[in-house]
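Just so we're aligned, residue 48 is where the sequence shown starts under the numbering used here, counting upward by one.
For glycine and all other residues, C-beta sits at the position ideal for the given N, C-alpha and C.
None of these values were measured; they are calculated from a predicted model.
Quick notes on the structure that follows.
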Amino acid sequence: MKPIRSESVFSTPWFDVVAKTMRDGELPYYSLRMPDYTAVLALTAEGRVVAVRQYRPALETYTLELPSGLVDPGESPAGAARRELFEETGYRASELQLIGEMSTDVGRLSNRIWSYFACGVRKDEAAQPEAGIEAVTLSIEELREMLIGGQFNHALHVAILTLAAARNLIAIS
């Protein structure tokens, strides 16, 4: 079913609020249109997971999550994944493997998250991670404990770990 009317009613550099009228006489349905983004499940040569700790104003707390970010206009999701991994952590991936793409929130958001796996990433010692972001590495056991304890709780990133485990890329159970 296609809307009979669709218009952007509010815009920011990060998202548009879109009003979609599905049937005559009905109130519009509102959703957010935003760019796709990527996240990288990166393992060091020692088998440690590269993660980032950063303050998230929406939650008013620090979070622990996978390196991730928006896909810039004209950029491929894989290119964005490689760039974000380096910008946020200083690690470089020689190869990326697509884990999968997923809808972020089918009820309100129109974008997708592209998840990638990188094995044997190497730290560029001259690199400076983005301001406000702390790169950390975790053993698989530490990550598993943080998942169970709720310290690693970004739902989409938990979904990526689950999909990676289902594809036998990591064993977190």
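Secondary structure of T184 (DSSP, three-state): strand. Take R103, set aside five residues on each side of it, and the residues of its chain with a beta-carbon closer than 7 Å to its own are T110, in chain order.
For R129, the uninterrupted alpha helix (DSSP H) segment begins and ends at P124 to T136. In this structure, the CA atom of E54 is about 26 Å from the CA atom of A105. Rounded to whole angstroms, the gap between the alpha carbons of T151 and Y138 is 26 Å.
A212 carries a helical assignment under DSSP once its states are collapsed to helix, strand and coil. Segment contact: the region 148 to 165 against the region 176 to 192, fewer than three CB-CB distances shorter than 8 Å; contact not assigned.
Within the DSSP bridge table, the entry for F164 names L88 and Q144 as partners. Within the same chain, Cβ atoms closer than 7 Å to the Cβ of P75 are found at A66, K67 and T68, the five residues on either side in sequence being excluded. Across the structure, L203 and Q101 are spaced so that their CA atoms are roughly 16 Å apart.
Of the residues E142, R70, F199 and A182, the one whose Cα lies closest to the Cα of M48 is R70. The beta carbon of M149 is closer than 6 Å to those of I160 in its chain, skipping five residues each way along the sequence. Here DSSP, grouped into helix, strand and coil, assigns E189 to helix.
No Cβ-Cβ contact shorter than 9 Å links A125 with T91.
Taking the Cβ atoms as the reference, S186 lies roughly 6 Å from R95, within the contact range of under 8 Å. Between the C-alpha atoms of E135 and I180 there is a straight-line separation of about 7 Å. In this structure, the beta-carbon distance from A140 to A212 does not fall below 9 Å.
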